[in-house]
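Everything below concerns the one structure shown next.
Residue numbers (the numbering used here): 1 to 123.
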């Protein structure tokens, strides 16, 4: 009998991040968000960090959704958190949630956001 060793790999290769921006909300779009994150990666991790692939695929007000490979998530998140300026303007970037599915990212954690009324007297 031969035994085979199996290497378990994660079921997902990409992670999605919901990121909140403070300081540049007025002109936030996918291109400016990508440029800011790329600058943060370069500043904190050099050219190796800047080569981390990621996509900014949706911007909604001061929130944006970013897709990054599992092995690049820590680099991107640390670079975003360490940023304090972009184009000489003060900026704060905070990662709100990380998930492998978009549904989990968009789900509201606030139970008061959903209200259900049940009339027990109706018969």
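Don't be surprised by glycine CBs; every beta carbon is placed ideally from N, CA and C.
| Item | Value |
| --- | --- |
| What are the uninterrupted segments assigned as beta strand (DSSP E) that are 3 or more residues long and contained completely in the region 30-58, given in chain order? | none |
| What are the partner residues of residue 25, as DSSP defines its beta bridges? | BP columns for residue 25 are empty, so no partner. |
| At a cut of 8 Å, does the region 39-50 reach the region 12-23 through at least three beta carbon pairs? | no |
| Would you identify the three-state DSSP class for residue 100, choosing helix, strand or coil? | coil |
| In angstroms with no decimal places, state the Cα-to-Cα distance between residue 37 and residue 76. | 7 Å |
| Just confirm the distance between the C-beta atoms of residue 54 and residue 72, as a whole number of angstroms; I'd bet it's less than 8 Å. | 7 Å |
| Should residue 74 be labelled buried (16 or more other beta-carbon atoms within 10 Å of its own) or exposed? | exposed |
| Using C-beta distances below 7 Å, list every residue in its chain close to residue 90, excluding the 5 sequence neighbours before and after it, in chain order. | 23, 84 |
| Classify residue 80 as helix, strand or coil using the three-state DSSP reduction. | helix |
| Use the C-beta contact count for residue 79: other C-beta atoms within 10 angstroms, 16 or more gives buried, fewer gives exposed. | buried |
| Note the first and the last residue of the continuous beta strand (DSSP E) segment covering residue 13. | Run containing residue 13: none; DSSP gives neither H nor E here. |
| Buried or exposed for residue 104, please, with buried defined as at least 16 other CB atoms from any protein chain shown within 10 angstroms of its CB. | exposed |
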